[in-house]
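Engineer:
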Amino acid sequence: MKILVGILPGVLLSILFILNDRKVTKEKLLNIIILLILGAIGSYICYRFEMHYGGYFKKVKDSNYFEVLFYAIFGVAIFEEGYKWFITLLMSFFSKKDNNYDIVTYSIFSSIGFLTFENVIYYVIPYGMGAAISRIFTSIPSHICFAIIMGYFLQKGFNSSIFKKILYYFLGLILPTFVHAYYNSFLYGGKYSDYFNINFIIIIVITIILFMIMEFRRRKQ
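When you line the sequence shown up against numbering that gives the first Met the number 0, it's residues 0 to 220, in that order.
1. For residue 132, collect the residues of the same chain with a Cβ closer than 8 Å to its Cβ; drop the 5 residues on either side in sequence, then sort them by chain order.
2. Helix, strand or coil for residue 103 per DSSP?
3. For residue 24, count the other beta carbons within 10 Å of its own beta carbon; 16 or more makes it buried, fewer makes it exposed. Which is it?
4. Return helix, strand or coil for residue 20, following the three-state DSSP convention.
5. Determine the extent of the alpha helix (DSSP H) in which residue 133 is found, giving its start and end residues.
6. Which of helix, strand or coil does DSSP assign to residue 158?
7. Based on Cα-Cα distance, which residue from 101, 121, 150 and 198 lies nearest to residue 43?
8. Which residue from 158, 98 and 107 puts its Cα closest to that of residue 144?
9. Taking the beta carbon of residue 183 as the centre, do at least 16 other beta carbons fall within 10 Å, making it buried, or is it exposed?
10. Can you tell me whether residue 134 is buried or exposed, with buried defined as 16 or more other CB within 10 angstroms of its CB?
11. Strictly under 9 Å for the Cβ-Cβ distance: is residue 53 near chain B by that measure?
12. Tell me which same chain residues have a C-beta within less than 7 Å of the C-beta of residue 76, skipping the five on either side of it?
13. Quick test of the definition: if touching needs 3 or more C-beta pairs under 8 Å, does the region 50-66 touch the region 137-153?
14. Just to check my reading of the structure: residue 174 and residue 205 have Cβ atoms closer than 8 Å, yes? What is that Cβ distance to the nearest angstrom?
15. Do the region 6-22 and the region 98-105 meet, that is, are 3 or more Cβ pairs less than 8 Å apart?
16. Do residue 150 and residue 213 have their C-beta atoms within less than 9 Å of each other?
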């Protein structure tokens with residue numbers, strides 16, 4: 000039962016974003032399935048990297064906030080967002096795109112695959128139903144936020160000149176990585192958890208604004 004609860008958010012998110020994409024072709028649906036699988040595989044790969052390199056950083060209990068943030072960036076977020084950024088661009092380069100919103104869709108589904116595997120294997124199975132329910136309100140929406148921020152900048156680079164394309168694609172990696180690390184920095188060790196809620200709300204609000212901007216652009220196409 001708890002495994003089903005762990006999978007359910009990913010299923011519901013998949014349905015929601017498929018319905019939101021106005022033109023889901025057979026090819027794009029196949030690409031989405033591939034990205035869900037690759038995202039899940041990436042969750043394991045990144046976990047192994049994080050376990051290996053995490054030992055090189057100072058322990059959170061002995062760190063100040065900026066040291067915690069540094070660890071969150073270079074010990075966790077860069078692997079996770081870097082992997083999702085890579086497979087999103089890879090799929091975008093090798094697929095027929097109907098419009099520049101496709102790359103946003105790919106970013107979101109790579110993240111859904113990632114977060115679903117992470118949710119079930121690393122949290123719900125070891126920690127039970129309580130973890131499954133609490134993550135519905137925190138970690139799961141946070142991953143979608145990172146994906147939307149990534150998709151926003153990748154979309155802006157889609158039809159840009161070479162220089163702007165490189166810039167936006169770079170921002171599509173760096174900014175989600177920083178936001179992801181910023182989010183994590185208030186959770187590690189509970190040292191700065193008093194600041195979590197307000198900062199999480201800020202991330203949610205910014206993401207909603209970016210998503211509305213992308214939706215406005217799409218309606219004008």
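Just so you know, even glycine gets a beta-carbon here, dropped at the ideal spot from N, CA and C.
Structural biologist: So, from the data block:
1. Cβ neighbours of residue 132 beyond the five flanking positions: 4.
2. In this structure, DSSP gives residue 103 a helical state, which the three-state scheme calls helix.
3. With fewer than 16 other Cβ atoms from the protein chains shown falling within 10 Å of its own Cβ, residue 24 counts as exposed.
4. Coil at residue 20, not helix or strand.
5. Residue range 128-135 is occupied by the alpha helix (DSSP H) that includes residue 133.
6. Residue state for residue 158 is assigned as coil, using DSSP reduced to three classes.
7. For the residues 101, 121, 150 and 198, the minimum Cα distance to residue 43 belongs to 121.
8. Out of 158, 98 and 107, 107 has the C-alpha closest to the C-alpha of residue 144.
9. So residue 183 ends up on the buried side.
10. That one is buried.
11. Chain labels in this structure do not include chain B; a single protein chain is all it has.
12. Excluding its 5 nearest sequence neighbours in each direction, residue 76 has C-beta neighbours in its own chain below 7 Å: 176, 179, 180 and 183, listed in chain order.
13. No: the two stretches stay apart, fewer than three of their Cβ pairs being nearer than 8 Å.
14. Contact flag wrong, Cβ pair sits at about 10 Å.
15. The region 6-22 is in contact with the region 98-105.
16. It is a contact, given that the beta carbons lie within the stated cut-off.
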